[in-house]
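Working notes, structure below.
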Amino acid sequence: MVEFKGSVVPLITPFKNGNLDEAALERLIERQIEAGSHALSVGGTTGEPGTLSLEEREYLIERALFFIRGRVPLLAGTGSLRLDETLRLTRAAQRMGAQGALVITPYYVKPNPEGLYRFFGQVAASVPELPIVLYNIPGRTGVEIGIETVARLRREFKNIVGLKHSSKDMEYVSALLRRVGRDFQVYCGLEALTFPMMCVGAVGTIAATANWLPRETAALCQLALEGRYQEARELHYYLLEANEAVFWDTNPIPLKTVLAWMGLCEKEWREPLGPTTPEIEARLRQMAQAYGLLPAQDPPVLPDPSRKQYV
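The numbering of the sequence shown is this note's numbering, which starts it at 1 and goes up by one.
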C-alpha cells in the first residue's frame, strides 16, 4: 500500500460557467507537482464536494488521475453522509487507480460510536486493498471519531491506515498515537497546526494553504519528517498569515479569490457559497502581495531572509 507522507494538497475544484474547468485543474496540478508537493487530494472539504453530483465527483477523480499521470499519489475524497454513496465513490476511486481514499465522518446526523464503526468498517471491507484515511472534522460534521472507535477499526481493518485530524485538540493526537500505535498515519487538517502536530508524530498535512504556497508547505513537511525542527519552525512562522487567510471567509472562497487573481482559475464557486466582502478582498490582496503571489507596489511586509534556504 502507498504511504502518504508530507504535504498532501487538498485541491480546490475549479469551475467555469458552472462546470469543472479541466484546463484550470491541469494548471493547478502541474503547479503542485513542479513545486514538490508530496501528494494531491481532490473531493475534500476545500473541493466543495457537497455541491458536486456523484457523477461529477467520479469525473473529478478520473481527470485528476489523468493529469497526474502517476507522478504523485492521489488521495481521493470519497466520503458522504450516505453509506451507499460513499461505497460507490470509494469503489470508483479504487477502480480508476487512486492510491487511497479520504472518508469523512457522516455529517449532520451525529452518529454514535457503533454507527461510526459500522459505517467505516463497511467502507473498508468493500475495498480491502485500498488505504483508507478517516477524516475527523467535528467542526463541520458535528461529531468526533472517538479514539476507541479508531482503535477498534484499525485492529479489525488493516487498510484503515490513518486519520486526518481537523481540530485544535492536540491532546487527541498524542492520545490517539499512544492508543493505536505510533505507526498510525496522522495528518494535520488545520493549517496553522501542521508543525506542532508533526512534532508529536503526524506524518504530514492536508493543508489548504498549499494551494497558494505549495513549495513552502512541502518544505516545512519535509524538514519536519527529517527531524530538522528548527528550520521547520521558521517556515511555520513564515506561513502563519497565509494559514489564517484561508479562513478569513469560508474556505475555499479566499483561496479561489487569490488563485483567480493569479490567473490559475476562475473566481467561481457553487451556491450557497458567495463572494467575499471588499474589505476581505483588500486584506487578501495585501497578503498575496506580501508573499509574492501578486505584484506588489510596496516592499513585502513579511520579510523572510532565510526563504532561499527552502525554495
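Here a beta-carbon is modelled for each residue, glycine too, at the ideal position from N, C-alpha and C.
In this text, all values refer to a predicted model and were calculated from it rather than measured experimentally.
Using a Cβ distance threshold of 9 Å, T105 and E129 do not count as a contacting pair.
The DSSP-derived three-state label of P196 is helix. Here DSSP, grouped into helix, strand and coil, assigns V109 to coil.
Scanning its chain for C-beta atoms nearer than 6 Å, with the 5 sequence neighbours on each side dropped, one finds around E231 the residues L223, in chain order.
Following the DSSP letters along the chain, one finds Q32 inside the alpha helix (DSSP H) bounded by residues 22-35. Contact between the region 51-70 and the region 112-131 is absent, with fewer than three C-beta pairs closer than 8 Å.
For L294, same chain residues with a beta-carbon under 8 Å away, outside a window of 5 residues either side, are V258, W261, M262, R285, A288 in chain order. In terms of CA proximity to E234, A219 leads the group V200, E244, A219. For the region 210-296, the continuous alpha helix (DSSP H) assignments of 4+ residues that do not extend past its boundaries occur at 214-225, 229-238, 240-245, 253-261, 278-290, in sequence order. The DSSP-derived three-state label of I61 is helix.
For the region 67-106, the continuous beta strand (DSSP E) assignments of 3+ residues that do not extend past its boundaries occur at 74-77, 100-104, in sequence order. When only Cα atoms are considered, N243 and R154 end up about 31 Å apart. With distances taken between CA atoms, G139 lies nearest to T250 out of K16, T149, T250.
Rounded to the nearest angstrom, the gap between the Cα atoms of V173 and T277 is 36 Å. Using a 10 angstroms sphere on the CB of N211, the tally of other CB atoms reaches 16 or more, which defines it as buried.
Here V150 carries a helix assignment [DSSP, helix/strand/coil]. Residue state for T46 is assigned as helix, using DSSP reduced to three classes. Residue environment for P272: exposed (fewer than 16 other C-beta atoms within 10 angstroms of its C-beta).
Membership of P138 in any beta strand (DSSP E) is not indicated; the residue belongs instead to the alpha helix (DSSP H) covering 138-141. When the Cα atoms are used, A24 and K267 turn out to be separated by approximately 11 Å.
If you check the CB distance, T45 and S126 do not come in under 9 Å. Going by DSSP, L130 is part of no beta strand (DSSP E) at all; its letter is neither H nor E. In this structure, DSSP gives S7 an extended state, which the three-state scheme calls strand. Residue state for T13 is assigned as coil, using DSSP reduced to three classes.
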